[in-house]
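A.B. asks: Note that our numbering gives residue 331 to position 134 of the sequence shown, counting from 1, and the numbers run on in steps of one. Here it is, the structure in full.
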Amino acid sequence: MTTPGHGHTADSVRAYRAHLLYFRDDRQAEDEAVEWVEDGLLVVRGGHIEQVGDYARLVATLAPTVPIVDWRGKLIVPGFIDAHIHYPQTDIIASPAPGLLPWLEKYTFPTERRFENPEYAAEVAHFFLDELLRCGTTTALVYCTVHPESVEAFFAQSHARNLRMIAGKVMMDRNCPAFLRDTAESGARESEALLQRWHGTGRQMYALTPRFAPTSTPEQLGRCGELARQYQDVFIQSHVAENEDEVKWAAALFPDARSYLDIYDQYGLLRPRAVYGHCVWLDDTDWQRMHDTGAVAAHCPTSNLFLGSGLFDFAAAEKSDTAVALATDVGGGSSFSMFHTMNEAHKVARLSGYYLTARRMFWLATQGAARDLNLSGQIGTLAIGAEADFVVLDPSATPLLARRTSHSESLEELLFALAMLGDDRAVAATYAAGQQVHTRAR
Ligand code: GUN
Ligand code: ZN
Numbered sequence: 198m199t200t201p202g203h204g205h206t207a208d209s210v211r212a213y214r215a216h217l218l219y220f221r222d223d224r225q226a227e228d229e230a231v232e233w234v235e236d237g238l239l240v241v242r243g244g245h246i247e248q249v250g251d252y253a254r255l256v257a258t259l260a261p262t263v264p265i266v267d268w269r270g271k272l273i274v275p276g277f278i279d280a281h282i283h284y285p286q287t288d289i290i291a292s293p294a295p296g297l298l299p300w301l302e303k304y305t306f307p308t309e310r311r312f313e314n315p316e317y318a319a320e321v322a323h324f325f326l327d328e329l330l331r332c333g334t335t336t337a338l339v340y341c342t343v344h345p346e347s348v349e350a351f352f353a354q355s356h357a358r359n360l361r362m363i364a365g366k367v368m369m370d371r372n373c374p375a376f377l378r379d380t381a382e383s384g385a386r387e388s389e390a391l392l393q394r395w396h397g398t399g400r401q402m403y404a405l406t407p408r409f410a411p412t413s414t415p416e417q418l419g420r421c422g423e424l425a426r427q428y429q430d431v432f433i434q435s436h437v438a439e440n441e442d443e444v445k446w447a448a449a450l451f452p453d454a455r456s457y458l459d460i461y462d463q464y465g466l467l468r469p470r471a472v473y474g475h476c477v478w479l480d481d482t483d484w485q486r487m488h489d490t491g492a493v494a495a496h497c498p499t500s501n502l503f504l505g506s507g508l509f510d511f512a513a514a515e516k517s518d519t520a521v522a523l524a525t526d527v528g529g530g531s532s533f534s535m536f537h538t539m540n541e542a543h544k545v546a547r548l549s550g551y552y553l554t555a556r557r558m559f560w561l562a563t564q565g566a567a568r569d570l571n572l573s574g575q576i577g578t579l580a581i582g583a584e585a586d587f588v589v590l591d592p593s594a595t596p597l598l599a600r601r602t603s604h605s606e607s608l609e610e611l612l613f614a615l616a617m618l619g620d621d622r623a624v625a626a627t628y629a630a631g632q633q634v635h636t637r638a639r
């Protein structure tokens, strides 16, 4: 049965006609895994994908009452996954500073203080989620602040919209202003209470979030490691080896560690579902540990360029076969758009002698990230049975995009033009769990 005009009931069916692009998860290499359907149909029942394939083949199998939304000329792709972002930093995006540590002092810590107020937190969370959806991002790994209220506010909004989000309370018990400090004990206790309440509530998932080694005592990292062992399916997120001054600081604070990454290793914080932002200044031994432990590197190109942190080394990640995902790192990052992120990732790769194809970038932002987060088959794909999180991309969204894509000679050229020229204007609509959660105003 369908509910005409809505699609709000659990088993309502709706179909979408467009070009379809996604990646099969039984293939390692994105080039082999790409699935392109020129005239495709995506059939969604409730919150899941029921059928995907050629329009001509599938339309005959649909009940005549099933509404078909006509998105011909547009591309449907899986919703984007942003592997590292700070929702409390929405208001300080694009703030000038000569590097990471002064930027944290001058902008980040003062703005994060405001999240002790639940109303303010709710207002920012609302705007933040709107902005993600406007950019076609349907899943993100999100840092909240040290205040449990900031986590409550975020998950409450995400849950109300039925989005698949991963988030956690920042833990930091030293080297930060007193108004942002927890303790090893309170950080662990509050994190455990939040993860028990939110991990698996609807589509919400929890991430243990020690901010970075310099703002945690060894005791706090130890408590975090215990939680990581106890709750194997929750995520871990932190920062590592972002900036040379930060690397020196971490070395001075943990003189027994072989490297910055080794600090996390010593406390049991490298494992599958552990996602480390930046990874700019890792050495070969670190990369090997990232790989061997199943941890994931979140590459944050707009942030690394904006804060002058350094160039991510794709070749080193590839040599060690470490999992890599793309991330905005707003507010250190300068854009919510995964297109801008791809654009800068491509240029950073070029500067280090590496070449990222457009296919690879779309794979990294969808199926690749889903696989590396152990969410394969659930998100990041249009495959049958997956959660219906998808975006409708308009290759003619701007005069320049229209002009360039009108003579694309291959799928690679089309995707490359979107990655280089696209932004939120190229996102015609965003769907989460089968519901339309953003439509671009004309
Ligand atoms: N390192 C520790 N905290 C932060 C943060 O908020 N942003 C970035 N980019 N790096 C960090
Ligand atoms: Zn960050």
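Even glycine gets a Cβ: it sits at the ideal position worked out from N, Cα and C.
Measuring straight from C-alpha to C-alpha, what distance separates L553 and R547?
C.D. replies: 8 Å
A.B. asks: Suppose the cutoff is 7 Å on Cβ atoms and the five residues either side in sequence are ignored; what does the same chain contact list for F451 look like?
C.D. replies: Cβ-Cβ distances below 7 Å link F451 to A410 and I460 in the same chain, with the five nearest sequence neighbours on each side left out; the list follows chain order.
A.B. asks: Looking at C-alpha atoms only, which residue of H488, A350, P261 and F511 is the closest neighbour of T519?
C.D. replies: H488
A.B. asks: Are A583 and R358 closer than 8 Å when you measure CB to CB?
C.D. replies: no
A.B. asks: Can you tell me which of the three DSSP states P299 falls into?
C.D. replies: helix
A.B. asks: If you measure from the CB of D526, is any heavy atom of ligand 2 nearer than 7 Å?
C.D. replies: At least one heavy atom of ligand 2 lies closer than 7 Å to the C-beta of D526.
A.B. asks: Could you spell out the range, first to last residue, of the alpha helix (DSSP H) harbouring H488?
C.D. replies: D481 to T490
A.B. asks: Assign H537 to one of two classes, buried (16 or more other C-beta atoms within 10 Å of its C-beta) or exposed (fewer than that).
C.D. replies: In summary, H537 is buried, with 16 or more beta-carbon neighbours lying within 10 Å of its beta-carbon over all protein chains present.
A.B. asks: Between which two residues does the alpha helix (DSSP H) containing E316 stretch?
C.D. replies: P315 to R331
A.B. asks: Scan the region 534-600 and note each continuous beta strand (DSSP E) run of 3 residues or more that stays entirely inside, going in chain order.
C.D. replies: 587-590
A.B. asks: In three-state terms, what does DSSP make of P275?
C.D. replies: strand
A.B. asks: Could you tell me if the beta carbon of H216 falls within a distance shorter than 7 Å of some heavy atom in ligand 2?
C.D. replies: no
A.B. asks: Quick one: give me the first and last residue of the alpha helix (DSSP H) that E356 is part of.
C.D. replies: The sequence as given places His at residue 356; Glu does not occur at that position. Element bounds for H356: P345 to A357.
A.B. asks: Does the beta-carbon of T258 have 16 or more other beta-carbons within 10 angstroms, so that it is buried, or is it exposed?
C.D. replies: exposed
A.B. asks: In the DSSP assignment, find the unbroken beta strand (DSSP E) run with R214 in it and report its ends.
C.D. replies: V210 to F220
A.B. asks: Please indicate yes or no: does the CB of E247 lie closer than 7 Å to some heavy atom of ligand 4?
C.D. replies: Inclusion of ligand 4 in the displayed structure is not the case, the ligand content consisting of ligand 1 and ligand 2 alone.
A.B. asks: Along the beta strand (DSSP E) that carries Q434, what are the first and last residues, could you check?
C.D. replies: F432 to V437
A.B. asks: Taking the beta strand (DSSP E) that V256 belongs to, which residues open and close that run?
C.D. replies: It is not in any beta strand (DSSP E) - V256 instead sits in the alpha helix (DSSP H) that spans Y252 to V256.
A.B. asks: Under 8 Å: do the region 272-281 and the region 336-349 share three or more Cβ pairs, one atom per stretch?
C.D. replies: yes
A.B. asks: T406 lies in the beta strand (DSSP E); which residues open and close that run?
C.D. replies: M402 to P407
A.B. asks: Between G507 and ligand 2, is the CB less than 7 Å from at least one heavy atom?
C.D. replies: If you check the C-beta of G507 against ligand 2, you find no heavy atom less than 7 Å away.
A.B. asks: Do I581 and E235 have their beta-carbon atoms positioned less than 8 Å apart in this structure?
C.D. replies: Cβ distance not < 8 Å, so E235 and I581 don't count as in contact.
A.B. asks: Report the three-state DSSP secondary structure of Q429 (helix, strand or coil).
C.D. replies: When secondary structure is reduced to three states using DSSP, Q429 falls in the coil class, being assigned neither helix nor strand.
A.B. asks: DSSP puts E165 in a beta bridge; with which residues?
C.D. replies: An answer regarding residue 165 cannot be provided, because it is not within the stretch 198 to 639 covered by the chain.
A.B. asks: Smallest Cα separation from P374: which of L502, T308 and R242?
C.D. replies: T308
A.B. asks: Along the alpha helix (DSSP H) that carries L618, what are the first and last residues, could you check?
C.D. replies: Following the DSSP letters along the chain, one finds L618 inside the alpha helix (DSSP H) bounded by residues L608 to L618.
A.B. asks: What does the alpha-carbon distance come out to for the pair I433 and G365?
C.D. replies: Looking at the two C-alpha atoms, the distance is approximately 9 Å.
A.B. asks: For N501 and F509, which I take to be in contact (beta-carbon distance under 8 Å), what is that distance rounded to the nearest angstrom?
C.D. replies: 6 Å
A.B. asks: State the start and end residues of the unbroken alpha helix (DSSP H) segment that holds Y457.
C.D. replies: Y457 to Q463
A.B. asks: Given a cut-off of 8 Å, decide if R408 and V367 are closer than it, judged by their beta-carbon atoms.
C.D. replies: yes
A.B. asks: Write down the C-beta distance between E150 and L297 rounded to the nearest angstrom, noting that I regard them as a contact closer than 8 Å.
C.D. replies: It is not possible to answer for residue 150, since the shown part of the chain is limited to 198 through 639.
A.B. asks: Rounded C-beta distance between Y273 and L217? I'm assuming under 8 Å.
C.D. replies: Rather than Tyr, the amino acid found at residue 273 in this sequence is Ile. I273 to L217, Cβ: 5 Å. Contact.
A.B. asks: Could you check whether F533 and E320 sit closer than 8 Å to each other, using their CB atoms as the reference points?
C.D. replies: no
A.B. asks: Less than 7 Å separating the Cβ of G474 from some heavy atom of ligand 2?
C.D. replies: yes
A.B. asks: Give a yes or no on whether the C-beta atoms belonging to R556 and V241 are separated by under 8 Å.
C.D. replies: no
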